[in-house]
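Going left to right, the sequence shown walks through residues 1 to 191 as full-length UniProt numbering numbers them.
Cβ atoms here follow ideal geometry from the backbone N, Cα and C, with glycine treated the same way.
Bear in mind the structure is a predicted one, so any value in this text is a computation, not a measurement.
In what follows, a single structure is set out as structure tokens and then discussed.
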Amino acid sequence: MKLKLLLPLVAVVALLGLLLLGLGLNSRDLPSPLVGQPAPAFMLESLEDAEVILTEQDFIGEVALVNVWATWCSTCRSEKPLLMELARGGIPIHAFNYRDERDAALRYLEMTESPYRTIAYDPAGDAGIDWGVYATPETYVLDAEGVIRYKRIGPLSRQLLLDEVLPLVEKLRAEKLRAEKLRSDQARRAS
């Protein structure tokens, strides 16, 4: 009789323990299965011009950041000055305008300077789902071949940029230069 009462109690305690453990995890620290994988394919209208269709190929070719933002996201607005600094410093930034109203996003960009080279308009969040977006803002670092090398859930900070993002960007740029030099040397030897 005591065993019948003890088993459900042990099961409930174990379940509560797992729930508490899960609540203690920081969602920003969750590893992304996309890191190390090619950027997911998408086909979306450009935010600024619905006649222009953007794909993942528009984000590829150089080391770049991809930022997921929306006008309704207050932390997106707070990280924008850092994105502006990065863009002014020569780091290309592409974006998804995520689950937003086109008119609101265009008004926002008219009122402020934009750090983005290209902005894919994702009103339903379909591309965001494929990219594994949990919340806005999110930032990815792509290498020149379009492989996701880093993902940040939540706003960027100056310290995070200095400790993680900028060193990775420099490393990836150096890798790209070495690869280009190697191809050039091989082409020269072959001719």
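When you compare each of the options to residue i by their alpha carbons, which one comes out closest?
| i | options | result |
| --- | --- | --- |
| residue 155 | 52, 58, 68, 40 | 68 |
| residue 165 | 150, 173, 178 | 150 |
| residue 172 | 144, 40, 123, 92 | 144 |
| residue 90 | 170, 186, 189 | 170 |
| residue 79 | 182, 157, 168, 187 | 157 |
| residue 110 | 71, 167, 188 | 71 |
| residue 42 | 125, 187, 108, 167 | 125 |
| residue 61 | 105, 107, 148, 86 | 148 |
| residue 106 | 84, 48, 85 | 48 |
Determine the direct distance from the alpha carbon of residue j to that of residue i, and round the result to whole angstroms.
| i | j | result |
| --- | --- | --- |
| residue 180 | residue 130 | 31 Å |
| residue 50 | residue 33 | 31 Å |
| residue 76 | residue 175 | 30 Å |
| residue 136 | residue 163 | 21 Å |
| residue 115 | residue 191 | 42 Å |
| residue 132 | residue 99 | 14 Å |
| residue 120 | residue 56 | 9 Å |
| residue 103 | residue 73 | 15 Å |
| residue 81 | residue 96 | 17 Å |
| residue 25 | residue 52 | In this prediction, residue 25 has a pLDDT of 44, which is less than 50 and means its spatial position is unreliable; nothing more can be read from the coordinates. |
| residue 153 | residue 160 | 12 Å |
| residue 59 | residue 189 | 32 Å |
| residue 93 | residue 186 | 32 Å |
| residue 182 | residue 88 | 30 Å |
| residue 85 | residue 167 | 16 Å |
| residue 101 | residue 54 | 18 Å |
Which of the three DSSP states is assigned to residue i in this structure?
| i | result |
| --- | --- |
| residue 59 | helix |
| residue 112 | coil |
| residue 138 | strand |
| residue 122 | strand |
| residue 95 | strand |
| residue 79 | helix |
| residue 187 | helix |
| residue 64 | strand |
| residue 167 | helix |
| residue 117 | coil |
| residue 46 | strand |
| residue 70 | coil |
| residue 54 | strand |
Using a threshold of 8 Å, state whether the C-beta atoms of residue i and residue j are closer than that.
| i | j | result |
| --- | --- | --- |
| residue 63 | residue 142 | yes |
| residue 128 | residue 38 | no |
| residue 112 | residue 65 | no |
| residue 184 | residue 118 | no |
| residue 122 | residue 44 | yes |
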